[in-house]
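Chemist: Pasting in a structure now, in structure tokens, and then I'll have a few things to ask.
Numbering (my numbering), first residue to last: 177 to 692.
Structural data, given as structure tokens:
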């Protein structure tokens, strides 16, 4: 149970050590980290609930939950993987109930049906089964990915004092591949094309094709999934948000909902506080904003207050992909329907450049699907199941229908087409069993979370603006003294894991007062 409302009606002092704006995952973890270090913290959000993009929706007897598709945690990851330690800073992971996911993903194309397991040896063995003779080159890829992860971990830990000579001596292969794309490195390793297609299958989660995405970014993302596996919060990611918020409140934090920040109070390029829509001012010399740079510099500051360096950084970045989400409550169980996997990748091709270009069209037929009951049998009532279908778009194909009278008809036609494509690809009829349906378009996301253009993917990862350059340049992006920005738009790129890591990094930056 979430105790958010126990602060309602209390008298709040308007002076704080730190104000956190936005109670999404990043803002919540920042606020908790800061209060753990003895800071007086106020958390503001303009909605009537916490969680950002992770709230639950009740429809009939179904509860539609956003799940952590890339939250990789298992018994071996606690000391190796920094996200585990971040969750531990909230208290203990035992307070959150986890459901393990069997396997990594299942790919279905017009000509192929591939299931990939977790575990390094299992993963290598599976690719060898589908592509005989690939074992040695895929093993080389895995070893290189492990080295890249270790090197990035060093950079993360030593971000204030990186010894580049040490990196050159200890992570020589990392240095060699640091400037190359995924496709170039996989080719240089001699990996067969068919094996590369399997390795590249999860490109969709980072939102750039293999010829644009850096090898390091994708390799580290993938090796975490392979080695650590996937667990999802049994009660959805709102369970984690509630857990963090309760811990924050119990330790003396203040949360004020329905409190929209409309302006940052700036004096001589230094933060002095924030102004709410109702005119209330809260004062502090440190602010963390759980939003994008686009919103902060375009909406919360006067144009004259925006540093030129911030505008330059903003202008070189592009907004990432948009997503149409369809949540289905079916009155048949996943077992009855024969849906045995958790994650389905339904592609019309395994060539990522072909896929990327095709996904500029609003009528494309590529889908990510989750059958939630295969991770958690209690996700819905007995004899039912929950399915989420996601269609990703790499253009503003929704803008053309925004102001038309046919908007709702267009969205429903797109949803029906996606459902039909899922049925045709899996051979499983689900439309006859739909009891409840929820459709979320990018326009819905823009309206609810103020995400620029309804963007779900943060800033596009490109050759010159990828994970490594963002990490190395992170300390140089504090353009206003006392201001930090955190969310899934940060250097770790898209995803729930990224939003948590961004939140903790921003809290650390505030504590250390890392400034240019």
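Cβ atoms here follow ideal geometry from the backbone N, Cα and C, with glycine treated the same way. A quick note: this is a predicted structure, and the numbers were derived from the prediction, not measured.
Alpha carbon to alpha carbon, how far is residue 324 from residue 473? Give it in angstroms, no decimals.
Modeler: 34 Å
Chemist: Runs of 4 residues minimum, wholly inside the region 578-656: which ones carry the alpha helix (DSSP H) assignment?
Modeler: List check, alpha helix (DSSP H) in window: 583-602, 618-625 and 643-649.
Chemist: I'd like the list of long-range same chain contacts for residue 610, defined as Cβ closer than 7 Å, with 5 residues on each side in sequence excluded.
Modeler: 504 and 506
Chemist: Just verifying my parser: in three-state terms, what is the DSSP assignment at residue 501?
Modeler: strand
Chemist: What residue range is occupied by the uninterrupted beta strand (DSSP E) comprising residue 520?
Modeler: 519-522
Chemist: For my contact list, residue 296 and residue 402 are in at a C-beta cut-off of 8 Å; report their separation, rounded to the angstrom.
Modeler: With a Cβ gap of about 6 Å, residue 296 and residue 402 count as contacting.
Chemist: Determine which residues share a DSSP beta bridge with residue 292 and list them.
Modeler: 281
Chemist: Please classify residue 319: is it buried, with 16 or more other beta-carbons within 10 angstroms of its beta-carbon, or exposed?
Modeler: exposed
Chemist: Check whether the region 552-561 touches the region 356-369, counting contact only when three or more Cβ pairs, one atom from each stretch, lie closer than 8 Å.
Modeler: Short answer: they don't touch.
Chemist: What three-state label does DSSP hand residue 304 in the structure shown?
Modeler: helix
Chemist: Would the beta-carbon of residue 518 fall within 8 Å of that of residue 551?
Modeler: yes
Chemist: Rounding to the nearest angstrom, what Cα-Cα distance links residue 387 and residue 357 in this structure?
Modeler: 6 Å
Chemist: Any idea which residues DSSP pairs residue 449 with across the strands?
Modeler: 441 and 459
Chemist: Using only the alpha-carbon positions, how far apart do residue 490 and residue 304 sit?
Modeler: 44 Å
Chemist: Please work out which residues of its chain come closer than 7 Å, Cβ to Cβ, to residue 547, disregarding the five sequence neighbours upstream and downstream, and give them in chain order.
Modeler: 510, 515, 517, 518, 561 and 563
Chemist: So, helix, strand or coil for residue 394, using DSSP?
Modeler: helix
Chemist: According to DSSP, residue 495 sits in a beta bridge with which residue or residues?
Modeler: 635
Chemist: Mapping the DSSP letters down to three states, classify residue 190 as helix, strand or coil.
Modeler: Reduced to three states, the DSSP call for residue 190 is coil.
Chemist: Determine whether the beta carbon atoms of residue 501 and residue 228 lie at a separation below 8 Å.
Modeler: No, they are not a contact pair.
Chemist: Buried or exposed, going by whether 16 or more other CB atoms sit within 10 Å of the CB of residue 523?
Modeler: buried
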